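Report on one structure; see the data block that follows.
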Amino acid sequence: MTNAFIENGYVTLILCLTCPLLAWIFSFVYYKHTARIRINPDEADENAMSRPINDSTQTDRQTMQQMYAVYTLIYNGAQDFLFAEYRAIGVFIVCFSIFILIVLGVSDSWVNAVFTVIAFVVGCLTSVLAGYVGMAIGCFANARTALSAQTSLADGFKTAFKAAVVMGFCLCAFGIFNLYVLIMLFRLYYSDAFTDGGEESTASLFEAIAGYGLGGSSVALFGRVGGGIYTKAADVGADLVGKLEYGLDEDDVR
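If you number the sequence shown the way our numbering does, the last residue is 252 and the count never jumps.
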């Protein structure tokens, strides 16, 4: 009975659906924990205005207003960067999908080529979604981590760790869930896959599924390189503004 249960794939179904669902629930709970920290001075309570970590540091209303202003600028800048990058990625996805379709269609099979392109596009969209969630929760948590660190370094670490948990669990859940759904949909065509005598169909299915990894890796490469250039440009720009407009020395702590 147990072997038949496993052979029918119900264990895989339960794991690939339950684990992402639990990860999303867990991420939502930790997101709500992080959201309890109010950084908008109009929403924060008076106790949040004065929680010093030592005698030289105090979070008064003016400091919170400055922190919220910086947080808003960072969040808006990150959003603008992502949408600009994703427009360029959209062009890449269309062009590279056509390239994959032609190359695989001519060299192998047009049907396998179509399925590979579908998997490639799904992988790209999964990576785009993962990148957006990661950027959003990173910006969402940065000011809240700084505010928590005003109370104690331990609180600051807990806030940063919870935000990282949200991002990590969401990304893994997206990858597992989308990949499983994609395989199950492809099995509607490759009906002999995972059966005795269906080795050729199984091989063709996973050759098409390989496009999923290619799409995810390609967009992740764009995010890594583009994000690095963006952050370096912001770093150099801030350095130049400090030197030219405010007369700060090199490596000034401010």
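Here a beta-carbon is modelled for each residue, glycine too, at the ideal position from N, C-alpha and C. What you are looking at is a predicted structure, and each value in this text was computed from that prediction instead of being measured.
Exposed unless 16 or more other CB atoms sit within 10 angstroms - verdict on Gly129: For the purposes of this step, residue 129 is taken as the residue at position 131 of the sequence shown. When all chains shown are included, Gly129 counts as buried.
Within 8 Å, strictly: CB atoms of Phe184 and Ala162: Working through the sequence shown from its first residue, we reach residue 184 at position 186. Working through the sequence shown from its first residue, we reach residue 162 at position 164. Cβ atoms of Phe184 and Ala162: not closer than 8 Å.
Burial state of Ile91, where buried means 16 or more other Cβ atoms lie within 10 Å: Walking along the sequence shown from the start, residue 91 turns up at place 93. The residue in question, Ile91, is buried, as its Cβ has 16 or more Cβ neighbours within 10 Å.
Val119 vs Gly213 beta-carbon contact at 8 Å: Mapped onto the sequence shown, residue 119 falls at position 121. Mapped onto the sequence shown, residue 213 falls at position 215. It is a contact, given that the beta carbons lie within the stated cut-off.
Exposed unless 16 or more other CB atoms sit within 10 angstroms - verdict on Thr55: For this step, residue 55 is matched to residue 57 along the sequence shown. Summary for Thr55: the model assigns pLDDT 44, below 50, so the residue's position carries little reliability; its value from the coordinates is reported in the next sentence. Exposed, by the Cβ-count rule.
Host alpha helix (DSSP H) of Ile12 (start-end): Your numbering for residue 12 matches position 14 in the sequence shown. Annotation for Ile12: the continuous alpha helix (DSSP H) segment containing it runs 8 to 33.
Three-state secondary structure assigned by DSSP to Val239: In the sequence shown, the residue the question calls residue 239 occupies position 241. Val239: helix per DSSP, three-state reduction.
Short Cβ contact (8 Å threshold) for Asn38 with Tyr66: Counted from its first residue, the sequence shown places residue 38 at position 40. Counted from its first residue, the sequence shown places residue 66 at position 68. Yes, they are a contact pair.
Nearest neighbour of Arg222, chosen from Leu145, Gly132, Phe26, Val27 [CA to CA]: In the sequence shown, residue 222 corresponds to position 224, counting from 1. The candidate whose alpha carbon is nearest that of Arg222 is Gly132.
Sufficient close CB pairs (3 or more, under 8 Å) joining the segment 8 to 26 to the segment 162 to 181: Touching, per the Cβ criterion.
Residue environment, Ala86, which counts as buried when at least 16 other CB atoms sit within 10 Å: Residue numbering aside, residue 86 sits at position 88 when the sequence shown is read from its first letter. Its Cβ having fewer than 16 others within 10 Å, Ala86 is exposed.
Gly213 at chain B interface by Cβ criterion, 8 Å: Included in the structure is just one protein chain, with no chain B present.
Residue closest to Ala33, alpha-carbon to alpha-carbon, out of Met62, Arg59, Asn140: On the sequence shown, position 35 is the one that residue 33 refers to. When each option's Cα is compared against that of Ala33, the closest is Asn140.
Nearest-angstrom Cβ-Cβ length linking Ile98 and Thr114, presumed shorter than 8 Å: For the purposes of this step, residue 98 is identified with residue 100 of the sequence shown, where counting begins at 1. For the purposes of this step, residue 114 is identified with residue 116 of the sequence shown, where counting begins at 1. A Cβ-Cβ separation of about 6 Å places Ile98 in contact with Thr114 under the 8 Å criterion.
Distance between Thr10 and Ala111 (C-alpha atoms, nearest Å): Within the sequence shown, residue 111 is the residue found at index 113, counting from 1. Within the sequence shown, residue 10 is the residue found at index 12, counting from 1. For Ala111 and Thr10, the distance between alpha carbons rounds to 27 Å.
Residue from Tyr188, Ser189, Leu169 with nearest C-alpha to Val126: On the sequence shown, position 128 is the one that residue 126 refers to. Minimum Cα distance to Val126 is reached at Leu169.
Which of helix, strand or coil DSSP assigns to Thr193: Position 195 of the sequence shown, counted from the first residue, corresponds to residue 193. Coil at Thr193, not helix or strand.
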